[in-house]
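Here the protein sequences line up with chains A and B, keeping their order. Here the first sequence is numbered in our numbering, starting from 4 and rising by one per residue. Here the second sequence is numbered in our numbering, starting from 4 and rising by one per residue. Following: one structure in structure tokens, then a few remarks.
Protein chains: 2
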Amino acid sequence: MKKEDKELKHAIAQDYETGEVLMLAHMDEEALRLSIETGRAHYWSRSRGKLWRKGEVSGNEQIIKDIFIDCDEDAILLKVKQIGGACHTGYRSCFYRRINGEIVGEKVFDPEEKYGKKEDK
Amino acid sequence: MKKEDKELKHAIAQDYETGEVLMLAHMDEEALRLSIETGRAHYWSRSRGKLWRKGEVSGNEQIIKDIFIDCDEDAILLKVKQIGGACHTGYRSCFYRRINGEIVGEKVFDPEEKYGKKEDK
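Structure (structure tokens):
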């Protein structure tokens, strides 16, 4: 199912202890409701067109400590305890590179081990 | 001018010292280029359909200390020194409320003083 971007809110996940920004994703109404109800981050995948619980495959889930909403109510900020790494590439944060390409992030898991080889994805 | 969302990158501004997430906005290619060249945050306003330098009216500019890009290159993380407050409502951060509406942010300026009365906006 394709959702219009106007039905989605941006969602920033931030480490609740260190303040590290981990990832930027999107939530539909159900993802936000499930996140609040279960205390685990749920998102809407725009590329796959479906609801998604962070860590459902990798185990790298996000335990929600607090949730904030911005002034115009189109962005959510989640303070989370990140299990393992947030990024599907194996880095702790999706923002593991400077804009010039320099890698500064910390690799914390092997994505092939978590998700299988690329052809199985 | 209306830009397709696919031409825009999400842009998160974060306080470079405290780690506080200040706002979520968008950048087109020119806004990113100008941000890099000038060291001051520029964004693309989706609602006004134009390029915008943060602080051009309010003086509350963002001095860029570092720029990161995410794994799939559709989101930017700016580490900034925020002059005054980031939010047009007068709060330091746009994420000044919990999802239940509780206000937890710090009000740092009077928006009427900075932008004029609502009818003049």
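Yeah, the Cβ is synthetic: ideal placement off N, Cα and C, and Gly gets one too.
Query                                                                                            : Result
Status (buried if at least 16 other CB within 10 Å, exposed otherwise) for A:Asn3                : Outside the displayed range of chain A (4 to 124) lies residue 3 of chain A, so it cannot be described from this structure.
Exposure of A:Asp113, with buried meaning 16 or more beta-carbon neighbours within 10 Å          : exposed
Under the three-state DSSP convention, the category B:Lys117 falls into                          : helix
Test: B:Arg43 CB closer than 8 Å to a CB of chain A                                              : no
Bridge-paired residues (DSSP) for A:Arg16                                                        : According to the sequence provided, residue 16 of chain A is Ala. The question's Arg does not apply to it. Answer by DSSP bridge pairing, in chain order: A:Met26, A:Leu81.
Per DSSP, the bridge partner or partners of B:Ser48                                              : B:Lys53
B:Val111: contacting residues in chain A (beta-carbon distance under 9 Å)                        : None at all; the shortest Cβ gap to chain A is about 14 Å.
Residue-level contact to chain A via CB, B:Val24, 8 Å cutoff                                     : yes
Contact list for A:Ala78 against chain B, beta-carbon separation under 7 Å                       : Leu27
Rounded separation between A:Lys57 and A:Met26 - CA only                                         : 11 Å
Any chain A beta carbon closer than 8 Å to B:Ile39                                               : yes
Which listed residue (B:Trp55, B:Ala78, B:Gly87) has its alpha carbon closest to that of B:His13 : B:Ala78
Distance between beta carbons of B:Gln17 and A:Val111, contact taken as under 8 Å                : That pair is no contact at about 21 Å.
Distance CB(A:Phe98)-CB(B:Ile102) smaller than 8 Å                                               : no
Host alpha helix (DSSP H) of B:Ile72 (start-end)                                                 : First-last for B:Ile72: 65-72, but that is the beta strand (DSSP E), not the alpha helix (DSSP H).
Buried or exposed by the 16-neighbour rule on C-beta atoms within 10 Å, applied to A:Gly119      : exposed
Residue-level contact to chain B via CB, A:Ile67, 8 Å cutoff                                     : no
Same chain, Cβ closer than 7 Å to A:Lys68, five either side skipped, listed in chain order       : Tyr19, Lys82, Val83, Lys84
Inter-residue spacing [alpha-carbon to alpha-carbon] between B:Asp31 and A:Tyr46                 : 25 Å
Nearest-angstrom beta carbon gap, A:His29 and A:Ala43 [assumed within contact, 8 Å]              : Per the sequence shown, residue 43 of chain A should be read as Arg rather than Ala. Rounded, the Cβ-Cβ distance is 16 Å, inconsistent with contact.
Contact with chain A by B:Ile72, beta-carbon distance below 8 Å                                  : yes
CB of A:Tyr94 within 8 Å of CB of A:Gly87, strictly                                              : no
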